[in-house]
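The structure appears right after this line, and notes come after that.
Protein chains: 2
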Amino acid sequence: MDRAPAGSLHAAAVLPAGGSGERLGGSIPKQFCTVLGRPLICHTLESFERVTWIKDIVVVVASENLDLMKTIVNKYGHKRITVVVGGETRHRSIFNGLKVFLDGQSLGSVIQKPEVVIIHDAVRPFVEEDILLQVAISARQYGAAGAVRPLVSTVIASSPEGCLDHSLERAKYRASEMPQAFLFDIIYQAYLKCTEYDLDFGTECLHLALEYSNTKAKLLEGPPDLWKVTYKRDLYAAESMIKERLSQHLCIITNINEEAIEVGFQLHENLKHHISHVKAISLSMYKTVQDLQNIFHGECYNFICINVKESDLEETCKLVDLLKNGKVTTSYPLVVISIHLTVPNCCSSDTQTLTGIRQLAKEAKKSNILVYGLLITYSKDASRLQESVCEGSSIITALIKVRNPALLGQIMTV
Amino acid sequence: MDRAPAGSLHAAAVLPAGGSGERLGGSIPKQFCTVLGRPLICHTLESFERVTWIKDIVVVVASENLDLMKTIVNKYGHKRITVVVGGETRHRSIFNGLKVFLDGQSLGSVIQKPEVVIIHDAVRPFVEEDILLQVAISARQYGAAGAVRPLVSTVIASSPEGCLDHSLERAKYRASEMPQAFLFDIIYQAYLKCTEYDLDFGTECLHLALEYSNTKAKLLEGPPDLWKVTYKRDLYAAESMIKERLSQHLCIITNINEEAIEVGFQLHENLKHHISHVKAISLSMYKTVQDLQNIFHGECYNFICINVKESDLEETCKLVDLLKNGKVTTSYPLVVISIHLTVPNCCSSDTQTLTGIRQLAKEAKKSNILVYGLLITYSKDASRLQESVCEGSSIITALIKVRNPALLGQIMTV
Ligand SMILES: [Mg+2]
Ligand SMILES: [Mg+2]
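Heads up: the protein sequence lines correspond to chains A and B, in order.
For what it's worth, my numbering labels the leading residue of the first sequence as 4, then goes sequentially.
For what it's worth, my numbering labels the leading residue of the second sequence as 4, then goes sequentially.
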């Protein structure tokens, strides 16, 4: 496949987000349903914002959602976004989105007509740069391109009486998914030429390009994660997938105290079985925000911080401050687990620690950082310590994977 | 539609469970992946076992999974199940499943040839009696019937060069889903008559009935929950859906102490905003196991139990014992939250309570009961109490919805 450097592409995107929530059985359209604390469409926008060669992102919404969408763009700090009002149907909305690039020119706006336009649904959040680049480059070569997937179910045609007329041979057909990409003029001309019937009842852009611009789209096998969030179960799946991705990396921070290092080492060994990438670093390594950012490559959303004394929150406070000021990332909630070593048979949690963690958690929440506490009984007996560390690792893993704000500030004990 | 009483139906089911885990990208076939502590197929079997007019359930597995499947049936106590080995392909497996009803007869087995046979995938766990009855009754009338769903994506045909050839008009087609039902002789004859090519490359039973038994299947619009668990995200969705269903009902148990009743009342008011059905009962109402079962109709998987004193676990222990002995249900984990009232500014959790709840939780886990603790600061000041109760309600809701075994025995505080 032709893999020209993306740098030479002048591409833009149109994201139809005009759908109603009917199929979800609720009144909130699915693109605005909350997934991990933010509207679903934010996750899709973020996928596009990461791709630097996509210069402009036009979001097309129903008129009743125009203000909501503008508020979302501001609130979550999305960039390169233009919000416009769509039409009655999917095709009319996409057509409205395309018009922005021409209207923009005539009005002297910064938005320019792109060579290639990518069309993608707001309710398909997991689109990666790789497939975006594939469809864009194929569109330049073929005029049009779209991602497809194998059919999961057999497709059948029904007779007027609601009985089976015939079934299609599954292997010969594909499900047409998104993203799709077009040379701008090809899809725009197709929309200009197509019928009112197409605009009202059609749904497939590739079909318009074929019918009205005589362009046979290149079909590319896309990854399964491109699926369209349609039902409530899809929202559950999307949230779980994001949580799974956020749980891949964990950083263990210990100070140079001997006991802390020992517990940190054992946690490291245990947590490797639950979490793909575990790194342990010590205090001395992260003196500046820049160090911290270099260590994590902006990929780590989970931190555990080992304090020696039960009442000592210093290490955790320092970490939380660094994360806050470093703006390592704020789009997804970070998890910080403050670990405190206690002596066996001691009164388990003292009020001071409890209050301290509670207050720290309350403050950190404002920066989208979820702080939890964990008391680990430190025993000189190796097998008893191992038991505590093992149980502690299960709790740490659960807190990271569950990522539930209702439990923040709570202190677990093992 | 003809809604003959189900009682007059002699129906059986065949569940092909021979699929490999290739599409999930893992080595465990999806029907055996763990969903809320049990293999996915257990959830599907339970949906069938609830339907009394389905007399026999034949599960068809790959030979390498025969022992595993038999172990699962025994371990989780499934009833009316016959496990048989399938063939190389989906159709060959279903055919093997059907043969059991005839072989059984000749061998004098208790399995009898049914009038109607339902075919359903092991990886579609959320099948309700309603749609099973619809397909079974339609099969009796039309000879064959199957559930269908609207297409989510446009279906397109590809040219040999991998370009768009044509797209199908979405409204004219349906996705063929499960369950399907047939008069036994119609589908069995179709399998006897069909070609080796059909057996090797076909997937659609409705097609065989049409082609070889001249039977046009009745198509019935099924609910969205019938979807096939195919990808990892579908496992996430299935687990979340089950958890959502288990979180619909909550029972609050208080003793007759004034403070307990007050807190119970306020929790009731708050929790109504998070959980669909909340019932509060007092000690005097549940003296026998039978009472408890009558109150809950086997529908309630969540209990909170309000103890007045911090160190007092009596109420909670009593409840856990009742749940254990009453066998209200053991197929899904029950959640019991032990609430303890504390005085403001007191040392927050004493070691005795902590140890007590920890031990109770450990014991209860063996009966699939997840016990958590929650300390609520009881204040005479109405607004401060309201604040604690509000925060406590969020924690209770989170524990119920998350249903995570790693956190059992932990004590939350508000
Ligand atoms: Mg489409
Ligand atoms: Mg099928």
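Cβ atoms here follow ideal geometry from the backbone N, Cα and C, with glycine treated the same way.
What are the boundary residues of the alpha helix (DSSP H) that includes residue i?
{"i": "residue 140 of chain B", "result": "132 to 145"}
{"i": "residue 215 of chain A", "result": "208 to 216"}
{"i": "residue 200 of chain B", "result": "199 to 204"}
{"i": "residue 374 of chain A", "result": "First-last for residue 374 of chain A: 372 to 380, but that is the beta strand (DSSP E), not the alpha helix (DSSP H)."}
{"i": "residue 404 of chain B", "result": "385 to 405"}
Where do the N-terminal and C-terminal ends of the beta strand (DSSP E) with residue i fall, by residue?
{"i": "residue 337 of chain A", "result": "337 to 345"}
{"i": "residue 14 of chain A", "result": "14 to 20"}
{"i": "residue 304 of chain B", "result": "Per DSSP, residue 304 of chain B belongs to no beta strand (DSSP E) and is neither H nor E."}
Can you have a look at residue i and say buried or exposed, based on whether 16 or more other CB atoms are within 10 angstroms of its CB?
{"i": "residue 93 of chain B", "result": "buried"}
{"i": "residue 31 of chain A", "result": "exposed"}
{"i": "residue 280 of chain A", "result": "exposed"}
{"i": "residue 34 of chain B", "result": "buried"}
{"i": "residue 267 of chain A", "result": "buried"}
{"i": "residue 247 of chain A", "result": "exposed"}
{"i": "residue 376 of chain A", "result": "buried"}
{"i": "residue 174 of chain A", "result": "exposed"}
{"i": "residue 323 of chain B", "result": "buried"}
{"i": "residue 188 of chain B", "result": "exposed"}
{"i": "residue 367 of chain A", "result": "buried"}
{"i": "residue 402 of chain A", "result": "buried"}
Please state the DSSP three-state secondary structure of residue i.
{"i": "residue 183 of chain B", "result": "strand"}
{"i": "residue 417 of chain A", "result": "coil"}
{"i": "residue 118 of chain B", "result": "coil"}
{"i": "residue 412 of chain A", "result": "coil"}
{"i": "residue 92 of chain B", "result": "coil"}
{"i": "residue 84 of chain B", "result": "strand"}
{"i": "residue 234 of chain B", "result": "coil"}
{"i": "residue 239 of chain A", "result": "helix"}
{"i": "residue 176 of chain A", "result": "strand"}
{"i": "residue 418 of chain B", "result": "The structure shown has nothing for residue 418 of chain B, since chain B only spans 4 to 417."}
{"i": "residue 315 of chain B", "result": "coil"}
{"i": "residue 51 of chain A", "result": "helix"}
{"i": "residue 79 of chain A", "result": "coil"}
{"i": "residue 264 of chain B", "result": "helix"}
{"i": "residue 104 of chain B", "result": "helix"}
{"i": "residue 361 of chain A", "result": "helix"}
At the level of alpha carbons, what is the spacing between residue i and residue j?
{"i": "residue 17 of chain B", "j": "residue 183 of chain B", "result": "10 Å"}
{"i": "residue 351 of chain B", "j": "residue 388 of chain B", "result": "Confidence is the limiting factor: at residue 351 of chain B the pLDDT is only 49, short of 50, which leaves the residue's position unreliable and the question unanswerable from this model."}
{"i": "residue 215 of chain A", "j": "residue 148 of chain B", "result": "40 Å"}
{"i": "residue 371 of chain A", "j": "residue 104 of chain B", "result": "60 Å"}
{"i": "residue 364 of chain B", "j": "residue 312 of chain B", "result": "19 Å"}
{"i": "residue 177 of chain A", "j": "residue 151 of chain A", "result": "6 Å"}
{"i": "residue 145 of chain A", "j": "residue 334 of chain B", "result": "55 Å"}
{"i": "residue 404 of chain A", "j": "residue 205 of chain A", "result": "41 Å"}
{"i": "residue 203 of chain B", "j": "residue 95 of chain B", "result": "7 Å"}
{"i": "residue 262 of chain A", "j": "residue 416 of chain A", "result": "18 Å"}
{"i": "residue 59 of chain B", "j": "residue 117 of chain B", "result": "9 Å"}
{"i": "residue 12 of chain B", "j": "residue 69 of chain B", "result": "30 Å"}
{"i": "residue 82 of chain A", "j": "residue 320 of chain B", "result": "56 Å"}
{"i": "residue 357 of chain A", "j": "residue 328 of chain A", "result": "25 Å"}
{"i": "residue 419 of chain B", "j": "residue 244 of chain B", "result": "Residue 419 of chain B lies beyond the residue range present for chain B, which begins at 4 and ends at 417; the question has no answer from this structure."}
{"i": "residue 413 of chain A", "j": "residue 251 of chain B", "result": "25 Å"}
Residues bridged to residue i by DSSP?
{"i": "residue 57 of chain A", "result": "A:14"}
{"i": "residue 42 of chain B", "result": "B:37"}
{"i": "residue 66 of chain A", "result": "According to DSSP, which records beta bridges pairwise, residue 66 of chain A is partnered with nothing at all."}
{"i": "residue 169 of chain A", "result": "A:160"}
{"i": "residue 224 of chain B", "result": "B:151"}
{"i": "residue 320 of chain A", "result": "According to DSSP, residue 320 of chain A bridges with nothing at all."}
{"i": "residue 252 of chain B", "result": "B:280"}
{"i": "residue 257 of chain A", "result": "A:285 and A:309"}
Should residue i be flagged as near chain E, meaning a C-beta pair shorter than 7 Å?
{"i": "residue 413 of chain B", "result": "Of the chains in the structure shown, none is chain E; the protein chains are A and B."}
Is residue i near ligand 4, with its Cβ less than 6 Å from a heavy atom?
{"i": "residue 31 of chain A", "result": "Ligand 4 is absent from the structure shown, which contains only ligand 1 and ligand 2."}
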